[in-house]
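For reference, the structure discussed in these notes is given below.
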Amino acid sequence: MRFEQLKKSSSLSDKLLKDLQKELGQLTYQFQETSETDYFHSPMAQEVKHKLSILNKGLLSNIPTDSADKLLVKHNPKDFQKKKWATRKNIHIDRLCSAWLIKRFIDKAAQFEFAPENSLPKDALLFDVFGSEFGHRGEDCTFETLLKIFQIRDKALLNISEIVHDIDLKDKKFNRPEAKGIDIIVRSLSKYFNNDNKVCEIGFLLLDGLYYYFKTSRNIQVNLKAFDEVAK
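Residue numbers (the numbering used here): 91 to 322.
Okay, structure coming up:
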């Protein structure tokens, strides 16, 4: 397996790094798809997640900081108005929250389409889809990527991004106490409605409330230093 080269070399060619990033991204998305229906919490899931984390860290250590920054192209929300956005159907936390972020802070007139990955519309902007610009980047989930790409500097949103990260990637990076409860709520909505548009309708209202809570709370847990480093 080509990932073995991560252990043997401290410097990899740009082509190999790009190929490995693509393969790791595909493996990660496949794991997430499986995890969303893993209602019995298979013990193998933890092992797979751990190995994916090791591979990701090994890959990131081979990418120079300046190269990583260049890969993240910044955009102005003004250039993304009245667009059609599409993602994989049967949405969960990252896709739901990313759609909400797009609708509330990037493109207020956004139209969404949810479809199987192999039949997503070609004329739409794809998000949280393998290989798309608006997807997972390194250790970031799609919600985090969107914040950085569109340079949205908002402490309340950064709080939400940490919750989304912990639920989606299951790595307890931020240890957000809200993660477990919100995960259950979103899964309940998905099961109850079995309709992505309805999940968005109700989920957006819940996220509006969560955003208001963090916006008005005096106990904001995050700081903007890390974000500012990326958004320069």
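Where is the CB? At the ideal position from N, CA and C, for every residue including glycine.
query	result
Nearest to residue 265 by CA position, among 250, 190, 244, is which residue?	250
Measure the C-alpha to C-alpha separation of residue 255 and residue 227 and round it to an integer number of angstroms.	12 Å
Apart from the five residues on each side of it in sequence, which residues of its chain come closer than 8 Å, Cβ to Cβ, to residue 292?	279, 283
What are the boundary residues of the beta strand (DSSP E) that includes residue 204?	201 to 205
Counting only the same chain and skipping the five closest in sequence on each side, list residues whose C-beta sits under 8 Å from that of residue 179.	204, 205, 206, 286
Could you please give the first and the last residue of the uninterrupted beta strand (DSSP E) stretch that includes residue 269?	Where residue 269 is concerned, there is no enclosing beta strand (DSSP E), although the alpha helix (DSSP H) it sits in stretches over 269 to 283.
Taking the straight line between their C-alpha atoms, what separation do you get for residue 257 and residue 273?	6 Å
What residues in its chain sit with their C-beta under 6 Å from that of residue 218, if we drop five residues either side in the sequence?	177, 184, 185, 188, 225, 232
Can you pull the DSSP bridge partners for residue 227?	230
If you draw a straight line from the C-alpha of residue 213 to the C-alpha of residue 172, how long is it?	13 Å
Could you check if residue 297 is buried or exposed, using at least 16 other CB atoms within 10 Å of its CB as the buried criterion?	buried
Grab me the residues of residue 211's own chain with a C-beta within less than 8 Å of its C-beta, minus the 5 sequence neighbours each way, in chain order.	174, 176, 203, 205
Starting from residue 176, follow its DSSP beta bridges and name the residues at the other end.	203, 216
Measure the CB-CB distance between residue 192 and residue 240 and report whether it falls below 7 Å.	no
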